[in-house]
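Written out below as structure tokens is the structure these notes cover.
Number of protein chains: 2
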Amino acid sequence: MTEENNENQDQNLETKLQKIVYLLQRYKLVEGFVRLQDAPEPELIESIIQKQNLANLRGELDKLHPADIARILEMLPLEDRLIIWRLVKSEYDGEVLLEVSDAVRQSLIEDMDNKELVAAAEQLDADEIADLAPDLPSDVMENVFQALPMEERQQLRAAMSYPEDAVGALMDFDVITVREDVRIEVVLRYLRRLSELPDHTDQLFVVDRDEHLKGVLLLNQLLISDPESIVTQVMTPKVVKFLPDNKAEQATQAFERYDLVTAAVVSPEGKLLGRVTVNAVIDFMREKADLEARNQVGLSEEEDLFAPVWKSVRNRWAWLAINLVTAFIASRVIGLFEDSIEKLVALAALMPIIAGVGGNCGNQTITMIVRALALGHVNQDSTLKLITKEIGVSIVNGIIWGTVVGLFTYAIYQNIQLGLVMALAMLLNLLLAAFVGVLIPITRLKFGRDPALGSSVMITAVTDSGGFFIFLGLATLLLL
Amino acid sequence: MTEENNENQDQNLETKLQKIVYLLQRYKLVEGFVRLQDAPEPELIESIIQKQNLANLRGELDKLHPADIARILEMLPLEDRLIIWRLVKSEYDGEVLLEVSDAVRQSLIEDMDNKELVAAAEQLDADEIADLAPDLPSDVMENVFQALPMEERQQLRAAMSYPEDAVGALMDFDVITVREDVRIEVVLRYLRRLSELPDHTDQLFVVDRDEHLKGVLLLNQLLISDPESIVTQVMTPKVVKFLPDNKAEQATQAFERYDLVTAAVVSPEGKLLGRVTVNAVIDFMREKADLEARNQVGLSEEEDLFAPVWKSVRNRWAWLAINLVTAFIASRVIGLFEDSIEKLVALAALMPIIAGVGGNCGNQTITMIVRALALGHVNQDSTLKLITKEIGVSIVNGIIWGTVVGLFTYAIYQNIQLGLVMALAMLLNLLLAAFVGVLIPITRLKFGRDPALGSSVMITAVTDSGGFFIFLGLATLLLL
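Here the protein sequences line up with chains G and D, keeping their order.
FYI, UniProt numbering numbers position 181 of the first sequence as 181, with every residue one higher than the one before it.
FYI, UniProt numbering numbers position 250 of the second sequence as 250, with every residue one higher than the one before it.
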């Protein structure tokens, strides 16, 4: 937490960031100067001025929360980023590594030696180490593993065994457990003996001798209840709980729906394994939203803003290749009708309108359906109803916008038949867009795929090639 | 919270939902049968069987959390939705109205009379009533307002005065305050006298006589500290706090960065006004993500899945109109080159490739930049660096994909010059896409606009018209 005396939270942070960037520039300026000037005693100048500059920078950094340091590192080009990174106090290393994006994390880890990495990892909890594990060299992980006490070793092994989108990957092990037959007063005394409670503790978990979860004791309940009463009288037996194999998305929705702060994770036999906290859920939501935004345009990973060009090219190439293939197909569809275009060249100028508006309508439909699927608002029976409704919308849109493009065409080319063909092609392509726009995400889901991923590219491919075919085909049939 | 005895959270819920849909179908079937058959005593049959069916349905609904009822209502077509809505017990009305989407809320409110609406609103807290206010008829709001005690009236007025994207709109008034000079034991006794603590209470707010915020007393600290110590010794004076006029997005980022559960909202003079809870933040995040997804394709509001066709058309029309205008412009750009196309009809088939790939690349750039802007990773100095980097990526992509399309063109049309023109046009359009892809979101932000909103449509317009112009222009200059 940061001290904010009645000041705007963000502006305060912004000021600190600017100060650091300013100090960094000064440091680099002097360094450049010393090198350029070929000064008689460069080491001396450097040692006096630069030591002061670095000390100032370090002082500013020490005042920041690790998450804010992470943000600064994200903002800086690689060279500057590493200057700052080397100044961060080593107790923060682990947390900063957790906070930065995958891309920036790689650049930081490459700058550290194995000893530093092991030290950084050892500051973290088992579940946090598991989050870093994919980016750490295997010999570092080996050392970290050896250094852990037995219990945490097991936890680390467990945490690493779950796929990224499972509840198990969000789970941590910071649970406080109590027995159901003790008095509240005893619980209070037990807590008072602890040096601190885990972050986000809003409830204690009530378990029996075999660690089976019996209920939860909400701190809110604990605080208002009579110290003489027994845990069973005060605890909540109805508990929202998850299996580690449940989808993380499921947990997210439960947290949203039931306004949870923490929730228990249990084994299939009902043994308490750990808990999920709301901050893990928020991080997951943010990452998922990012992933979806990137997927829509085919960025395969989080990209370091200042990544080398070749890395960026690699990150983006797959989608462009797919896009190119669909563009080639559309191009060949047009190629089929080259004779028609030669006879009536206006067709070439008009055809992108049909394809473009079709793509836009199709994407509107897909966005609606994907959202409804994600929130669980669609069931088996609704598919037909949804198609019917989207077809209805398309007919109305087709008539309205078909008329508009028909009139536009007539105004420019003074050709009534051509205007009618445009209007009809528009209507037909919008119907195609609606039909495919409902079917693509629902079919993808049925086959266990993510309905959002790639749907936009698919619908655009269909409405492009389909739109060209419909329009040029109609024109060939009716006009030539 | 729902009871889940070691069962998969979601499957359990799914089963309950299916049961309700099944009961609803049965109810509707009997009702249809009675009407069709013209049975001798329809009222009798109806009264016996249907009363039973309705009672079963009501029984199932009573077992559900309001958020789950909201989800069922979202899933159902209007007619079925209203049957269920009338069966929901009235104590839940307010909470269900809060949980459903704007579109579905309207359909539910239209089905209620003023008395029911007033009763529903009165179950809610002032900040929740403020969330419903825009959808309630003004005479209902007047009645609700009159019925509130003075303090809540002021709160309601305050809550309604903030724009939707301000911290004030996320704020609630459920704060517990303590004085700094009392003993912990007194605080504990004070809490024990309360019948319950507000949801999400993870800290008490320490204020002076004039309600100025002095610090917070974390429950986690409270529980482990010596009952004889004084609040000042135990409290945390460094507090993350917001002004009600701060941007809600700012609060979101602070909650993410510092892993908060609640945070104080204070007046510019430092007086405690209320608090923001993590569940309000999660709801805001979800709504914002939804809004962005809709904005990308131009859906102006959340759309009821089963909205009447004309409502959906209206919801979608603005974007289609803009899209049509840009398509008309692109069409006129092509129109400029009709002579060239007449001479070399292959141009018509090839031009969508240049435009399409350009649009894809531009959208990749925009997505990266928008995300970096949202996370605050871009500062003044980086604009030039980002443009340089994206131009670099475009040059590499342009050379790779330019070669591919050049070869494709040569393979199909056996025309080397045409292939070279394709390759060159591709390179130039990708450069255009990179340049505009960085500039659009950064310029929008500079003028205080949302960088995400509409950026995708703008870049596509530029790469379409620009791509056609570049390709057809080059072909006219070099080939004809």
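Even glycine gets a Cβ: it sits at the ideal position worked out from N, Cα and C.
This structure is a prediction, so every number in the text was calculated from the model and none was measured.
Going by beta-carbon coordinates alone, are residue i and residue j separated by less than 9 Å?
| i | j | result |
| --- | --- | --- |
| leucine 61 of chain D | isoleucine 84 of chain D | yes |
| tyrosine 413 of chain G | alanine 346 of chain G | yes |
| leucine 223 of chain G | arginine 192 of chain D | yes |
| leucine 432 of chain D | isoleucine 395 of chain D | no |
| isoleucine 387 of chain D | valine 438 of chain D | yes |
| alanine 248 of chain G | glutamate 164 of chain G | yes |
| asparagine 429 of chain D | isoleucine 470 of chain D | yes |
| residue 517 of chain D | asparagine 246 of chain D | Residue 517 of chain D lies beyond the stretch modelled for chain D, which goes from 1 to 480, so this question has no answer here. |
| alanine 330 of chain G | serine 465 of chain G | yes |
| glutamine 123 of chain D | glutamate 79 of chain D | no |
| proline 237 of chain D | glycine 215 of chain D | yes |
| alanine 133 of chain G | methionine 160 of chain G | yes |
| valine 309 of chain G | lysine 389 of chain D | yes |
| valine 206 of chain D | glutamate 228 of chain D | no |
| glycine 274 of chain G | glutamine 155 of chain G | yes |
Residue i bridges to which residues according to DSSP?
| i | result |
| --- | --- |
| residue 496 of chain G | Outside the displayed range of chain G (1 to 480) lies residue 496 of chain G, so it cannot be described from this structure. |
| alanine 166 of chain D | D:Lys247 |
| leucine 217 of chain G | G:Leu204 |
| aspartate 172 of chain G | G:Arg275 |
| histidine 212 of chain G | G:Lys271 |
| valine 178 of chain D | D:Val206 |
| valine 396 of chain D | Looking at the DSSP assignment, valine 396 of chain D forms no beta bridge with any residue, so it has no partner. |
| threonine 367 of chain D | According to DSSP, which records beta bridges pairwise, threonine 367 of chain D is partnered with nothing at all. |
| threonine 236 of chain D | D:Val216 |
| proline 230 of chain G | Note that residue 230 of chain G is isoleucine in the sequence shown, not proline. Looking at the DSSP assignment, isoleucine 230 of chain G forms a beta bridge with G:Arg183. |
Given residue i, which residues of its chain have a CB within under 7 Å of its CB, disregarding the five upstream and five downstream residues?
| i | result |
| --- | --- |
| threonine 252 of chain D | Val281, Phe284 and Met285 |
| arginine 105 of chain D | Leu97 and Asp135 |
| methionine 426 of chain G | Ile354, Val357, Gly398, Trp401, Gly402 and Val405 |
| tyrosine 410 of chain D | Ile416 and Gly419 |
| proline 77 of chain D | Phe306 |
| isoleucine 366 of chain D | Gly437, Ile440, Pro441, Ser455, Ser456 and Ile459 |
| aspartate 131 of chain D | Leu98 |
| leucine 479 of chain G | Leu344, Gln417, Leu418 and Val421 |
What would DSSP say about residue i, mapped onto helix, strand or coil?
| i | result |
| --- | --- |
| phenylalanine 242 of chain D | strand |
| leucine 197 of chain G | coil |
| leucine 445 of chain G | helix |
| valine 144 of chain G | helix |
| valine 265 of chain D | strand |
| serine 101 of chain G | coil |
| glutamine 123 of chain G | coil |
| glutamine 380 of chain G | coil |
| proline 308 of chain D | coil |
| serine 107 of chain D | helix |
| glycine 298 of chain D | coil |
Ignore the nearest five residues each way along the sequence and tell me which others in residue i's own chain have a CB closer than 8 Å to its CB.
| i | result |
| --- | --- |
| alanine 318 of chain G | Gly298 and Ser300 |
| alanine 254 of chain D | Val240, Phe242, Leu260 and Ala263 |
| lysine 16 of chain G | Glu60, Lys63, Leu64 and Asp68 |
| asparagine 460 of chain G | Reading the sequence as shown, one finds threonine at residue 460 of chain G and not asparagine. The residues are Thr326, Gly359, Gly362 and Asn363. |
| alanine 452 of chain G | Glu292, Asn295, Gln296, Val370, Ala374 and Pro441 |
| asparagine 315 of chain D | Leu299, Ser300, Glu301, Glu303 and Ala307 |
If residue i sits next to residue j, beta carbons under 8 Å apart, how far is it from one beta carbon to the other, in whole angstroms?
| i | j | result |
| --- | --- | --- |
| aspartate 111 of chain G | aspartate 172 of chain G | Going by Cβ atoms, the distance from aspartate 111 of chain G to aspartate 172 of chain G rounds to 28 Å, so no, they are not a contact pair. |
| phenylalanine 468 of chain G | methionine 351 of chain G | 6 Å |
| glycine 402 of chain D | alanine 423 of chain D | 4 Å |
| leucine 73 of chain G | valine 100 of chain G | 6 Å |
| valine 457 of chain D | asparagine 360 of chain D | Actually they do not touch by this definition, with Cβ atoms about 14 Å apart. |
| valine 276 of chain D | valine 231 of chain D | 23 Å between Cβ atoms; not a contact. |
| glutamate 268 of chain D | glycine 168 of chain D | The sequence given here has proline at residue 268 of chain D, not glutamate. Between glycine 168 of chain D and proline 268 of chain D the Cβ distance is about 13 Å, and since that is not below 8 Å, they are no contact. |
| leucine 108 of chain D | leucine 87 of chain D | The pair is not a contact, with the Cβ atoms about 13 Å apart (cut-off 8 Å). |
| residue 484 of chain G | glycine 335 of chain D | With chain G covering only 1 through 480, there is no way to say anything about residue 484 of chain G. |
| threonine 476 of chain D | serine 382 of chain D | Not confirmed; about 39 Å, so no contact. |
List, in order along the chain, the chain A residues whose C-beta lies closer than 8 Å to that of residue i?
| i | result |
| --- | --- |
| threonine 367 of chain G | The structure shown contains no chain A; its protein chains are G and D. |
Only counting the same chain, and skipping five residues up and downstream in sequence, which positions put a Cβ closer than 6 Å to that of residue i?
| i | result |
| --- | --- |
| leucine 204 of chain D | Ile176, Val178 and Leu217 |
| asparagine 114 of chain G | Val140 |
| glycine 376 of chain D | none |
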